[in-house]
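Chains as they are written, first to last, in the working numbering: chain Z, 1 to 147; chain B, 1001 to 1147; chain G, 2001 to 2147. One structure below.
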């Protein structure tokens, strides 16, 4: 009896603990999500069209250098002008969207500036609070860049 | 004898290694602290009262949207004016403190500007080097936002 | 026979799984690199010599407070003036380099501004796209600070 029980214990140790250790290692790897995928969230908070153009050029450069990269641009407060339908940057923003960049406007900032979705470039995304969106993306492993 | 030793080995494997694997998994999970708690460190580095007011409004918006969030605001260099006792933003800073926001002034910046704690709003915290504080909070899993 | 096999299983469980669990724990710890080493990447993106001097002072303060810290300064777009051989900040940048700080100029920004390596301070490093360098350092666990 003792012999069989000990054999069972030995097997249980291998069968039960090996996958557990593997899961632990996987979870650990997941703690460094950037190793598997490049994801960057850019934050735009300034009312400066030269800066907007510079950032839009940077997005292209980043996409050019990296084979695969997800880019989100969260636009807050005075930065919102970049995403207005009548902005001088509208064409370049639409080009970036066509190239896969996701633009997100801060709803609180829009409300404070009396802007509605009709005032904005078609196809952009919206978040209630821009900084909460920035936080959530970072929590999901996106790298934060504040140009 | 062999039988008993092997039974002991089997049991040891289960009793010793199972908690070890569990600890490893917990440590891994701790590597992604944001999943369990929202913690944001905002950095204020500019001498711009309009920006200070905008940031203070953002703090309220973030607290309103998230059920639970810890917010720290580390104030460095030209940003220090925001935390001076005679600042126009003093009342709003005190309101934010009452709502749970922690403000931290950079001691090196204070020294460089000839400021003492007597010049500052009561109840704020102090760090020797503001950027070291920002680093430490990020190392502890706080999300970094630079408005 | 059963007795011996079970003894072997018990031993295998200890010998094989203990190192695996240890590796898992190490990988998990690596997911929080800051716990073991302080590494900070500063980003300079503005054409403002007062700000450059302020940042250079901050670097000294950070090095003074922390026993061990790796510091990289990635300089992009209008910030590039800080790293030009004829910049007023050139001496202080060289002092910081002598103190172990690594400066990295954005190659795309240099190209856009018609700058070559001959225009820059000797001994600085170069990256093709500055923001990709900032991303990679963050992915490797460096703390991001945008002064």
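Note that the Cβ used here is the ideal one computed from N, Cα and C, for glycine as well. No experiment lies behind these values; they were computed from the predicted model shown.
Expected contact under 8 Å - CB spacing of residue i and residue j to nearest Å
i                       : j                       : result
residue 1137 of chain B : residue 1096 of chain B : Not confirmed; about 17 Å, so no contact.
residue 1038 of chain B : residue 1068 of chain B : 6 Å
residue 1089 of chain B : residue 1061 of chain B : At roughly 17 Å, the Cβ-Cβ gap does not stay under 8 Å, so residue 1089 of chain B and residue 1061 of chain B are not in contact.
residue 1043 of chain B : residue 1093 of chain B : Not quite, the Cβ-Cβ distance comes to about 15 Å (not below 8 Å), so this is no contact.
residue 2108 of chain G : residue 2085 of chain G : Actually they do not touch by this definition, with Cβ atoms about 20 Å apart.
residue 144 of chain Z  : residue 41 of chain Z   : 6 Å
residue 2079 of chain G : residue 2046 of chain G : 6 Å
residue 112 of chain Z  : residue 124 of chain Z  : Rounded, the Cβ-Cβ distance is 18 Å, inconsistent with contact.
residue 2147 of chain G : residue 2091 of chain G : Wrong, their Cβ atoms sit about 20 Å apart, outside the cutoff.
residue 83 of chain Z   : residue 121 of chain Z  : 5 Å
Opposing strand residues paired with residue i [DSSP bridges]
i                       : result
residue 1145 of chain B : B/1042
residue 1120 of chain B : B/1084
First and last residue of the uninterrupted beta strand (DSSP E) at residue i
i                       : result
residue 1102 of chain B : 1102-1106
residue 1070 of chain B : 1070-1075
residue 1127 of chain B : 1125-1127
DSSP three-state assignment for residue i, whether helix, strand or coil
i                       : result
residue 51 of chain Z   : helix
residue 1084 of chain B : strand
residue 1114 of chain B : coil
residue 2090 of chain G : helix
residue 1096 of chain B : helix
residue 1059 of chain B : helix
Where the alpha helix (DSSP H) through residue i begins and ends
i                       : result
residue 2136 of chain G : 2130-2139
**OP:** With 7 Å as the limit, tell me which residues of the segment 120-140 of chain Z have their beta carbon closer than that to any beta carbon of chain B; keep them in chain order.
**Re:** Result list: 128, 129, 131, 132, 134, 135, 138, 139.
Subject >> Contact list for the segment 60-76 of chain Z against chain G, Cβ threshold 7 Å >> reply: 61, 62, 65, 66
Subject >> Residues from the segment 86-109 of chain Z in contact with chain B, defined by Cβ distance under 8 Å >> reply: 108
**OP:** Can you give me, in chain order, the residues of the segment 1036-1055 of chain B that have a beta carbon less than 7 Å from any beta carbon in chain Z?
**Re:** 1038, 1040, 1054
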